[in-house]
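Q:
Chains as they are written, first to last, in the working numbering: chain A, 12 to 123; chain B, 853 to 965.
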């Protein structure tokens with residue numbers, strides 16, 4: 012089954028404790044993105060990647076890092092999480108530049 | 853001012869009603885328009901995708917784009933309880949070799965039996 016998976020689905024952590032949210036897709040898509048979703052603000056892009064070793068900032072990249080060492084994986088790293096990073100995070104992948112984006116199930120992160 | 857404005861609702865309608873969901877946008881560079889549906893505790897899934905002004909129909913769903921007014925709509929005919937979800941509009945523009953999407957905040961719809 013074609014899908015985007017994220018782990019963990021739920022995470023509660025404390026300020027400053029480094030964490031990684033994993034994202035993996037099995038569709039051989041080139042493009043992958045991370046979004047955060049907050050009430051009243053919709054989905055905002057954090058980072059995106061056009062291919063292996065090619066990443067760029069989205070609209071809200073501060074406090075986040077990403078890497079793309081393999082085509083299928085695109086982890087999101089929070090080196091020193093803060094409470095304002097409490098949000099619902101989605102990973103997405105797409106085959107081509109304008110194709111449908113496939114979203115993962117989301118990761119709900121709470122930073123205390 | 854946000855690039856994409858969408859009324860968050862919630863919108864509550866009886867089963868069988870026609871639902872109209874709307875978004876306005878300010879950036880005339882947007883080239884394509886999408887509607888995503890998001891069920892509770894799930895990721896968004898693409899519902900409709902269109903490039904041009906006019907109507908596009910798919911079953912009970914019709915997407916309408918008016919580029920001159922910078923206004924898009926999604927109509928749902930014969931709404932069903934299974935249509936209860938949050939509907940997100942999204943606008944796309946090609947920028948720096950990448951397809952950039954800007955999402956609306958989403959409208960929460962509840963269809964009651």
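C-beta: ideal position from N, C-alpha, C; glycine also.
Using a Cβ cut-off of 8 Å (strictly closer), state whether residue 54 of chain A contacts chain B.
A: Taking the first residue of the first chain as 1, we reach residue 54 of chain A at position 43. So, interface residue.
Q: Between which two residues does the beta strand (DSSP E) holding residue 55 of chain A run?
A: Indexing the first chain from 1 puts residue 55 of chain A at position 44. Element bounds for residue 55 of chain A: 53 to 62.
Q: Among A/15, A/44, A/36 and A/28, which residue has its Cα nearest to the Cα of residue 87 of chain A?
A: Stepping through the first chain from its first residue, residue 87 of chain A is reached at position 76. Closest option to residue 87 of chain A, Cα to Cα, is A/44.
Q: Give me the subset of the region 64 to 76 of chain A whose CB atoms are less than 9 Å from a CB atom of chain B, sorted by chain position.
A: Per Cβ criterion, the list reads 67, 69 and 70.
Q: Decide if the region 890 to 900 of chain B is in contact with the region 870 to 878 of chain B; the criterion is three or more beta carbon pairs, one per stretch, under 8 Å apart.
A: With a cut-off of 8 Å, the region 870 to 878 of chain B and the region 890 to 900 of chain B do not count as touching, because too few Cβ pairs lie within range.
Q: Specify the secondary structure class of residue 50 of chain A as computed by DSSP and reduced to three states.
A: By one-based count along the first chain, residue 50 of chain A stands at place 39. Coil at residue 50 of chain A, not helix or strand.
Q: Note down, in chain order, all residues in the region 948 to 960 of chain B with a beta-carbon under 9 Å from any beta-carbon belonging to chain A.
A: Correct list: 948, 949, 950, 951, 952, 953, 954, 955, 956, 957 and 958.
Q: If you measure from the beta carbon of residue 895 of chain B to each beta carbon in chain C, is any gap under 8 Å?
A: Note that chain C does not occur in the displayed structure, where the protein chains are A and B.
Q: Of all Cβ atoms in chain A, is any one closer than 8 Å to the Cβ of residue 899 of chain B?
A: Taking the first residue of the second chain as position 1, residue 899 of chain B is located at position 47. Not one chain A Cβ lies under 8 Å of residue 899 of chain B.
Q: Tell me the rounded alpha-carbon separation between residue 855 of chain B and residue 913 of chain B.
A: What you label residue 855 of chain B is simply residue 3 of the second chain in a count that begins at 1. What you label residue 913 of chain B is simply residue 61 of the second chain in a count that begins at 1. Cα-Cα distance, rounded: 25 Å.
Q: Any beta carbon from chain A within less than 8 Å of residue 926 of chain B's own beta carbon?
A: Taking the second chain and counting its residues from 1, one reaches residue 926 of chain B at position 74. Residue 926 of chain B does not count as touching chain A.
Q: In chain A, what lies closer than 8 Å to residue 940 of chain B by C-beta?
A: Here the question's residue 940 of chain B lines up with position 88 in the second chain. Those within 8 Å of residue 940 of chain B in chain A are 53 and 54.
Q: I want to verify the contact list: residues of chain B whose CB lies under 8 Å from the CB of residue 111 of chain A, in sequence order.
A: Residue mapping note: residue 111 of chain A aligns to position 100 of the first chain, counting from 1. 898 and 901, listed in chain order.
Q: Using only CA atoms, which one of A/85, A/100 and A/105 lies nearest to residue 13 of chain A?
A: If you number the first chain from 1, residue 13 of chain A lands on position 2. Among A/85, A/100 and A/105, the Cα nearest to that of residue 13 of chain A belongs to A/105.
Q: Apply the 10 Å Cβ neighbour rule to residue 69 of chain A and answer buried if 16 or more other Cβ atoms are within range, or exposed otherwise.
A: Here residue 69 of chain A is taken as the residue at index 58 of the first chain, counted from 1. The residue in question, residue 69 of chain A, is buried, as its Cβ has 16 or more Cβ neighbours within 10 Å.
Q: Starting from residue 967 of chain B and walking both ways along the beta strand (DSSP E), at which residues does that stretch end?
A: As shown, chain B starts at 853 and ends at 965. That puts residue 967 of chain B outside it, with no answer to give.
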